[in-house]
Amino acid sequence: MKKKVALVLAGIMAFATVVTGCGSKAASDGTFTPEDTINWTVTSSPGGGSDIYTRMIADVMTKEGMTDETIVVSNKTDGSGEIGRNEVANTKGQKADYTLLTFNSGDLMPMVLNTKNRSANFKIIAIMAVDKQLIFKGTQTPYVDFAEAIEAAKNGTPVVIGGSKGDDIATYEAMIEEIGVTQDQMKYITYDSTGDAITAALGGHVEFVISKPAAASEYVEAGSLFPVLALSTERYTGNLASAPTLSEVGDYENVEVPIWRGVAAPAAMSDAAVAYYTEQLKKVSESEQWKTEYIEKNKLIPNYLGAAEATTFVTEYEKEYMEANGIQ
Amino acid sequence: MENIQLLLQGFETALTFQNVGAALLGAILGLIVGAMPGIGSLAGVALLLPLTYKFNPTTAIIMLGALYYSNMYGGSFSAILLNIPGDSPAVVTAIDGYPMAKKKKRPGQALFTANMSSFIGGTIGICILTFTGPALANLGLKFGPSEMTALLLIAMTSISWLVGENPTKGVIITVVGILLASMGMDTLSGAPRYDFGNMHLLGGIPFTPFVIGAVGFSQVIKLINDRTKDNGASNSDMKLTIRGSLLTKHDFRRLLPPAIRSGFLGTFVGVLPGAGATTGSFLGYAVQKKMHSEEELGTGAIEGIASCEAANNAAAAGAFAPLLALGIPGSGTGAVLLGGLMMWGLNPGPLLFTNEPDFTWGLIASLFLSNILTLIIALAVIPFLLKILSVPVKYMIPIITVVCVVGSYSSSYSMYGVLIMFLSGLLGYFLSKNDYPTAPMLLSFVLAPLLETNMRKAFIISGGSLNIFFNRPITCVLMVVFFAVVATPIIKSMINKNKNKKTEGTN
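Here the protein sequences line up with chains A and B, keeping their order. Take the first sequence: its position 61, counted from the start at 1, is 61 in this note's numbering, and no numbers get skipped. Heads up: take any position in the second sequence, counting from 1, add 328, and you land on this note's numbering.
Set out below in structure tokens:
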């Protein structure tokens, strides 16, 4: 009991320090070391994939002693996350050196689609990892494999695929374009989260579900979902190895829409600070805890890109996405 | 019998000194958090979650489970005493709870009723969870878009008896609720609706500040206006002791049937993916409307409070079934707990019951424990809570205003929430001044988006055909119930007319 009370008190004290804040001095020799609390914005809810990703990085940074300052992760979900992203983009002055934002392909797509905010309003600090999707079938799905489903769709029996928002839709669209079916022949139902979509597949309400490996893995283990297609240029390993890629299914090119997880900062962040964070995130990506407890556990592909490369990558990605969707 | 054995082992885990302490701490925190409008279980669990990363998972989830659970009790306090729902399920509690406290001068009994029925509903929910856990979760899976559409249609019919004396005004206000709810990002296509180029509106109107404003802050404006009229309507004639708050035998007999019925109903609704405690409490109330109540619902009837409070606590227990058995969160809070499970190194999913029996059964046992703990604490604080009522109006006005501002701010940590609260407060005030009921607006605001997404998903699956609502067994049964509910008053009035004609004829 006492221990817990102490913990709660410690929490309150930590909170108080954060609120009152401590003054910070600018470094004079051109290098940057944080001397104040680092505020990290996540534009999705606590407990979700982006939140876990962020808290894991913050945890590694603290545990490995990369910084003595507190890293405060706050979830800003107002306006579907656009408010939080806009705030970070417009952070100026000293504060800009202490502000970070979790920035994924799933964040970039709605931002570009619905607002005037662009990746150029940020400094891209790093890309940490890349994820891909697979298609799974439920126990009540009448098709043996995905080739059969494609056949059925082409012969006029509609096939229903469920999935989450953002990047899942982008992958689905790329896939049906390659297969050569319309959105009526192979329908897509958008759920609020991958979890909801998997629920629908378990209940037999959709025939297939598109998901990243992490969310579906447990269900594959339990025999309630079966991987039928890897949306990747090569097969997965482990319990997902049985899923063929699209080129193995028929006379198609492989479809792969990489989903990246990155870190961004306000455009006003100083170059010294950018260099500092890029370096720290590189150390995180090389740490044992990150490799075992995040990358391996969630079956991600480690793919660290430093500030310069990441900026080029994101700019290119944004350009292609805007062209594909006819955004000026 | 195997389940009972596992449950007993679970009790062994839950009853260690450390875990009882965790449950107690969780229960107290939950009551406080729940009683504060705006800081619902979602925020409470989310705030505490990082603190628990260092605990062992069982202790951590026992504490969070207790917090989540006692929250459902706390939500009704401010609804009954101040007419400000502490969380969304408590919107329904306020319909009968506030009149009972204010007009009938029985605030203690109203709180007692809420606590007792929460306990009954919760206990039923946990018992069902214990014996049918995984099977229950599988039943929930059978509810796809078409089934949910039919169920929500039934829930929507409860609007018809919330509209009050003027049906036209009721319909107008229902439509206003639907329109307000449709603002923001369309969940199916991702297209922005009614955002007027404003980034804040892109996320829609947040529910909690909206309710706090429409129900609570409009109350403040009313108080300010009334103050000049009657100064010193004292509450001194109310019984403010725990003895004065005890229910009579007769009260208890009135409370029991709706509480038990709602207990079963609520558990079932809680299990359904995405339905949650709010839908549960509305449905419980709707069903009670069809049953006999000694006093008319909405005037401060014990049956009204009992039916919705029992349902929402049962739903909270039911929501654990899909979470534990399938790794599917039934609510926002469930999603946060799920995130917690992963951080503690457990893999939520279909294998959790088999791989981590200590954990799952320990949690279920702790739900029993925290349910009892919370009841005791909740009953014990009644006299202190009642003191709130003897605070003079001139102090109440600033206090409630502060509570409204803090509550609406903390639900999304932004001033946008506060702005919405003030605006909807004005809206709520003008509506009630012109005899527009606010309850239908809140109900349609909650249910319409759920109905819309489910119906559109159903139509995508069926390719636009209505058949999907009739050729699936569960959906078909629910649709028949829906049509029966809608048709009953029409047929009744037709029969009455016929009777009248006949009697006229004989005369």
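We put the CB at the ideal spot given by N, CA and C, even for glycine. Nothing here was measured: the structure is a model prediction, and the numbers come from that model.
Expressed to the nearest angstrom, what Euclidean distance is found between the alpha-carbon atoms of residue i and residue j?
i: A27 (chain A); j: A442 (chain B); result: Note on A27 (chain A): pLDDT 44, under 50, position unreliable in the model; the coordinate value appears next. A27 (chain A) and A442 (chain B): Cα-Cα distance of roughly 59 Å.
i: T688 (chain B); j: P462 (chain B); result: 12 Å
i: N121 (chain A); j: W260 (chain A); result: 19 Å
i: L775 (chain B); j: L666 (chain B); result: 25 Å
i: S224 (chain A); j: L379 (chain B); result: 34 Å
i: A812 (chain B); j: L481 (chain B); result: 12 Å
i: T37 (chain A); j: A647 (chain B); result: 38 Å
i: A126 (chain A); j: F447 (chain B); result: 51 Å
i: E178 (chain A); j: T315 (chain A); result: 25 Å
i: N683 (chain B); j: L335 (chain B); result: 16 Å
i: K25 (chain A); j: N86 (chain A); result: Residue placement at K25 (chain A) is poorly supported in this model, since its pLDDT is 42, which falls under 50; the coordinates still yield a value, given next. Spanning the two alpha carbons is a distance of roughly 26 Å.
i: M111 (chain A); j: L583 (chain B); result: 51 Å
i: G436 (chain B); j: L717 (chain B); result: 11 Å
i: K63 (chain A); j: I71 (chain A); result: 12 Å
i: K827 (chain B); j: F471 (chain B); result: 42 Å
i: K132 (chain A); j: P385 (chain B); result: 30 Å
i: I500 (chain B); j: M391 (chain B); result: 44 Å
i: G21 (chain A); j: W40 (chain A); result: Bear in mind that the predicted position of G21 (chain A) carries a pLDDT of just 41, short of 50, making it unreliable; the figure below should be weighed with that in mind. Whole-angstrom Cα-Cα distance: 15 Å.
i: L516 (chain B); j: V721 (chain B); result: 47 Å
i: A214 (chain A); j: P817 (chain B); result: 52 Å
i: V73 (chain A); j: A374 (chain B); result: 12 Å
i: V734 (chain B); j: F750 (chain B); result: 12 Å
i: F545 (chain B); j: L551 (chain B); result: 10 Å
i: Y317 (chain A); j: S119 (chain A); result: 10 Å
Would a C-beta distance cut-off of 7 Å place residue i and residue j closer than the cut-off?
i: I692 (chain B); j: T458 (chain B); result: yes
i: E623 (chain B); j: P586 (chain B); result: no
i: P537 (chain B); j: I748 (chain B); result: yes
i: L508 (chain B); j: S80 (chain A); result: no
i: G354 (chain B); j: N641 (chain B); result: no
i: P768 (chain B); j: L490 (chain B); result: yes
i: G402 (chain B); j: S694 (chain B); result: no
i: S164 (chain A); j: T194 (chain A); result: yes
i: L714 (chain B); j: P678 (chain B); result: no
i: M186 (chain A); j: V159 (chain A); result: yes
i: A265 (chain A); j: L100 (chain A); result: yes
i: N362 (chain B); j: N399 (chain B); result: Per the sequence shown, residue 362 (chain B) should be read as Gly rather than Asn. Yes, the Cβ-Cβ distance between G362 (chain B) and N399 (chain B) is below 7 Å.
i: A174 (chain A); j: V255 (chain A); result: yes
i: G162 (chain A); j: Y191 (chain A); result: yes
Excluding the 5 residues flanking residue i on each side, which residues of the same chain have their C-beta closer than 6 Å to its C-beta?
i: Q547 (chain B); result: N411
i: I389 (chain B); result: L691
i: L464 (chain B); result: V599, A649
i: D97 (chain A); result: M269, S270, A273
i: A542 (chain B); result: S752, G756, T766
i: A786 (chain B); result: P473, S474, T477, I796
i: E82 (chain A); result: T115
Output needed for residue i: all residues of its chain with C-beta closer than 8 Å, excluding positions within five of it in sequence on either side, in chain order.
i: E69 (chain A); result: P34, E35, D36, T37, I38
i: L593 (chain B); result: G608, L611, G612, V615, A639, A642
i: V808 (chain B); result: none
i: K123 (chain A); result: A264, A265, P266, A267, M269, V274, A307, T311
i: G505 (chain B); result: P768, M769, L770, L771, S772, F773, A776
Is any non-hydrogen atom of the ligand SAM found closer than 6 Å to the C-beta of residue i, if you look at the structure I gave you?
i: M743 (chain B); result: This structure simply doesn't include the ligand SAM, nor any ligand for that matter.
Which residues in the same chain have their Cβ closer than 7 Å to the Cβ of residue i, if we skip the five residues on either side of it in sequence?
i: G250 (chain A); result: A147, I150
i: N782 (chain B); result: P473, M476, T477, L480
i: Q337 (chain B); result: W689
i: T387 (chain B); result: Q346, N347, A350
i: T91 (chain A); result: T99, P266, A268
Segments of 4+ residues assigned as alpha helix (DSSP H) that fall wholly inside the stretch 584-625 of chain B: As for any alpha helix (DSSP H) of minimum length 4 sitting wholly inside the stretch 584-625 of chain B, the runs are 604-618, ordered along the chain.
Runs of alpha helix (DSSP H) lying entirely within the stretch 260-293 of chain A, each at least 4 residues, in chain order: The alpha helix (DSSP H) runs lying completely inside the stretch 260-293 of chain A and spanning 4 residues or more are 271-286, given in chain order.
Ranges of the alpha helix (DSSP H) found wholly within the stretch 102-144 of chain A, counting only runs of at least 4: The alpha helix (DSSP H) runs of length 4 or more contained entirely in the stretch 102-144 of chain A are, from start to end of the chain, 105-114.
Cβ-based contacts, 7 Å cut-off: residues of the stretch 162-187 of chain A near chain B: Residues K165, K187.
4-residue-minimum alpha helix (DSSP H) runs that sit fully inside the stretch 62-109 of chain A, ordered along the chain: With a minimum length of 4 residues, the continuous alpha helix (DSSP H) runs that stay inside the stretch 62-109 of chain A are 82-89.
Every unbroken alpha helix (DSSP H) within the stretch 141-213 of chain A, with a cutoff of 4 residues, ordered by chain: 146-154, 167-179, 194-202, all fully within the stretch 141-213 of chain A.
Interface residues of the stretch 485-508 of chain B facing chain A [CB-CB below 7 Å]: Residues of the stretch 485-508 of chain B whose Cβ lies closer than 7 Å to any Cβ of chain A: none.
Near-chain B residues of the stretch 105-127 of chain A (beta-carbon distance less than 8 Å), N- to C-terminal order: Result list: P110, L113, N114, T115.
Alpha helix (DSSP H) runs contained entirely in the stretch 629-713 of chain B, provided each spans 4 or more residues: Taken in chain order, the complete alpha helix (DSSP H) segments of 4 residues or longer contained in the stretch 629-713 of chain B are 630-646, 648-654, 660-671, 680-683.
Interface residues of the stretch 716-745 of chain B facing chain A [CB-CB below 9 Å]: Within the stretch 716-745 of chain B, the residues whose Cβ lies closer than 9 Å to some Cβ of chain A are S740, Y741, S742, Y744, G745, listed in chain order.
Chain B contacts made by the stretch 73-86 of chain A, where a contact means CB separation under 9 Å: Result list: V73, S74, N75, K76, T77, D78, G79, S80, G81, E82, I83, N86.
Interface positions of the stretch 213-244 of chain A facing chain B (Cβ-Cβ less than 7 Å), listed along the chain: Close to chain B, meaning a Cβ-Cβ distance shorter than 7 Å, are the following residues of the stretch 213-244 of chain A: E218, Y219, E221, A222, S224.
Contacting positions in the stretch 189-211 of chain A - beta carbon closer than 8 Å to chain B: Those residues of the stretch 189-211 of chain A that come within reach of chain B (Cβ to Cβ, closer than 8 Å) are I189, T190, D192, S193, G195, D196, I198, T199, A200, L202, G203, G204, H205, V206.
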